[in-house]
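Taking it in order: structure first as structure tokens, then the write-up.
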Amino acid sequence: MFTIFFHPSEDEIMDKLPEKYRVPFLNTVEKLRSDPIRCSKALKGPWKGYHSARYGKRRIVFRLDLTSCSVTICSEDRRGKIYGR
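Residue numbers (the numbering used here): 35 to 119.
Quick look at the structure:
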């Protein structure tokens with residue numbers, strides 16, 4: 035099991051997340067907790083070092099640390115907006 039960290043805080047992410055995406059978001063976070071490599075892909079280019087997990091048309095961008103078995107969720111948004119950050 036991996037430890038999940040949020041940066042910004044989970045409250046900040048949940049506050050801006052539309053209601054209909056909250057349960058799918060939390061389900062995806064649980065999948066990341068159990069096996070983040072299997073349910074994500076490594077990003078390239080300026081996002082090298084990050085991974086992305088998708089649910090519907092939305093993405094969760096996170097850093098994966100295999101040494102400490104941790105996932106740090108950095109951002110969540112629609113696919114068209116998230117990679118412009």
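Ideal Cβ positions, reconstructed from N, Cα and C, are used throughout, including at glycine.
All of these numbers come straight from a predicted model, not from anything done at the bench.
Rounding to the nearest angstrom, what Cα-Cα distance links residue i and residue j in this structure?
i	j	result
E110	L98	15 Å
P58	R113	15 Å
D49	K78	29 Å
T116	R93	One detail in the question is off: residue 116 reads as Ile in this sequence, not Thr. Cα to Cα, the separation comes out at about 7 Å.
I71	D45	25 Å
P80	K54	30 Å
F39	I107	6 Å
H85	K75	5 Å
S68	K82	23 Å
L60	I47	11 Å
May I ask which residues mark the beginning and end of the alpha helix (DSSP H) holding residue i?
i	result
R67	53 to 68
Measure the beta-carbon distance from residue i to residue j and round it to whole angstroms, keeping in mind my assumption that it falls under 8 Å.
i	j	result
V105	L51	Not a contact, Cβ separation roughly 18 Å.
For the candidate residues the options, whose alpha-carbon lies nearest to that of residue i?
i	options	result
G90	S102, A76, K75, T62	T62
A87	P42, L100, E64, H41	E64
S43	F96, F36, C73, M35	F96
Grab the span of the beta strand (DSSP E) containing residue i for me, first residue to last.
i	result
R93	92 to 99
R113	Counting along the chain, R113 falls outside any beta strand (DSSP E), though it belongs to the alpha helix (DSSP H) covering 113 to 116.
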